[in-house]
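Taking my numbering, the leading residue of the sequence shown gets 9, the next gets one more, and so forth.
Every residue gets a Cβ at the ideal spot worked out from N, C-alpha and C, and that includes glycine.
Step one of this worksheet: look at the structure below.
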Amino acid sequence: MKLRVGEIVTLKHYSARKSNRGIISNSFDNSVIVKPERDFLVYSFFDSDPVVLGFEDENVVNICESIVKCVDYNQNTFTLTINNVQSITNKRLTQRFPVSLCAYILSRNTRVFSYIRNMSLDGLSLCSRQEFKKGDILTINTKIESIEITFEAQVMWKRISELGFEYGLAYYMPHAEFSKTIERCLEFLKMDQELSITRLKYEFEPLRRINQRKVVMN
9 MKLRVGEIVT LKHYSARKSN RGIISNSFDN SVIVKPERDF LVYSFFDSDP VVLGFEDENV
69 VNICESIVKC VDYNQNTFTL TINNVQSITN KRLTQRFPVS LCAYILSRNT RVFSYIRNMS
129 LDGLSLCSRQ EFKKGDILTI NTKIESIEIT FEAQVMWKRI SELGFEYGLA YYMPHAEFSK
189 TIERCLEFLK MDQELSITRL KYEFEPLRRI NQRKVVMN
């Protein structure tokens, strides 16, 4: 699904609690160039960061799992490579849900920074500079809104990424209460995405005028 130039989208990044907004300045088959609503936001984005991009198409809310590939500080834009697109309107969370979450791997009395790209009721995709082996059981700490969770997950697969390693993890021996917590967190993230994108309907026109004024001034 190709996004249109000039379309306003939501941007969910682990550096901010709330979603921000951006405008598509160019669109290609598997990537887009985005200009954030506020210029200084580009300084929060780094290569290989996960970003959840949201938009609405014919009254259907869609979200994209995407990765930052290039930040242009002169133009105040960044390029996102889109890995997949899924609609979430009136759908249950039966597949991996795109997220952008900061997380820490607790290992040998140290906290290894990492980030989570997607989650499901069964596991997650996590990126880190630290190398682990297939079969390793990791203790992971993250926070979704006000809910802080610590859990164990087993490395099912790994591959080299541009800035380290990406891991596919399965929750290790999860108890019933933990599974309910994950389901509640994912449902909250889904509702938050829907609400953020719905707001674009009411805020689109003022934002479009502001953007046009910026273009004229430049």
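Alpha-carbon to alpha-carbon, residue j and residue i
{"i": "residue 200", "j": "residue 63", "result": "13 Å"}
{"i": "residue 164", "j": "residue 178", "result": "7 Å"}
{"i": "residue 187", "j": "residue 129", "result": "7 Å"}
{"i": "residue 45", "j": "residue 84", "result": "10 Å"}
{"i": "residue 160", "j": "residue 13", "result": "42 Å"}
{"i": "residue 111", "j": "residue 122", "result": "5 Å"}
{"i": "residue 196", "j": "residue 109", "result": "14 Å"}
{"i": "residue 67", "j": "residue 20", "result": "20 Å"}
{"i": "residue 24", "j": "residue 18", "result": "12 Å"}
{"i": "residue 172", "j": "residue 119", "result": "16 Å"}
{"i": "residue 189", "j": "residue 156", "result": "10 Å"}
Check whether residue i and residue j have beta carbons under 9 Å apart
{"i": "residue 152", "j": "residue 134", "result": "no"}
{"i": "residue 154", "j": "residue 26", "result": "no"}
{"i": "residue 61", "j": "residue 77", "result": "no"}
{"i": "residue 90", "j": "residue 38", "result": "yes"}
{"i": "residue 86", "j": "residue 93", "result": "no"}
{"i": "residue 124", "j": "residue 58", "result": "yes"}
Any non-hydrogen atom of the ligand SAM closer than 8 Å to residue i Cβ
{"i": "residue 59", "result": "With respect to the ligand SAM, the structure offers nothing, as it holds no ligand at all."}
Close Cβ partners of residue i (< 7 Å) along its chain, the five nearest in sequence each way excluded
{"i": "residue 126", "result": "73, 104, 105, 106, 107, 132, 133"}
{"i": "residue 81", "result": "50"}
{"i": "residue 139", "result": "173"}
{"i": "residue 192", "result": "none"}
Close beta carbons around residue i, own chain, < 8 Å, minus the five adjacent residues each side
{"i": "residue 169", "result": "56, 135"}
{"i": "residue 47", "result": "84"}
{"i": "residue 202", "result": "69, 96, 97"}
{"i": "residue 54", "result": "76, 79"}
Whole-Å CB distance - residue i paired with residue j, under 8 Å assumed
{"i": "residue 41", "j": "residue 29", "result": "Going by Cβ atoms, the distance from residue 41 to residue 29 rounds to 15 Å, so no, they are not a contact pair."}
{"i": "residue 158", "j": "residue 148", "result": "7 Å"}
Own chain residues within Cβ distance below 6 Å of residue i, not counting five before or after
{"i": "residue 208", "result": "16"}
{"i": "residue 11", "result": "32, 35, 40"}
Exercise for the section: Could I get the ranges of all uninterrupted alpha helix (DSSP H) runs contained in the stretch 186-213, with 4 residues as the minimum, in chain order? Expected result: Unbroken alpha helix (DSSP H) stretches of 4 residues or longer found wholly inside the stretch 186-213: none.
Exercise for the section: Counting only runs of 3+ residues fully inside the stretch 85-162, write out the beta strand (DSSP E) ranges in chain order. Expected result: The qualifying runs are 85-95, 105-115, 118-127, 131-136, 145-152.
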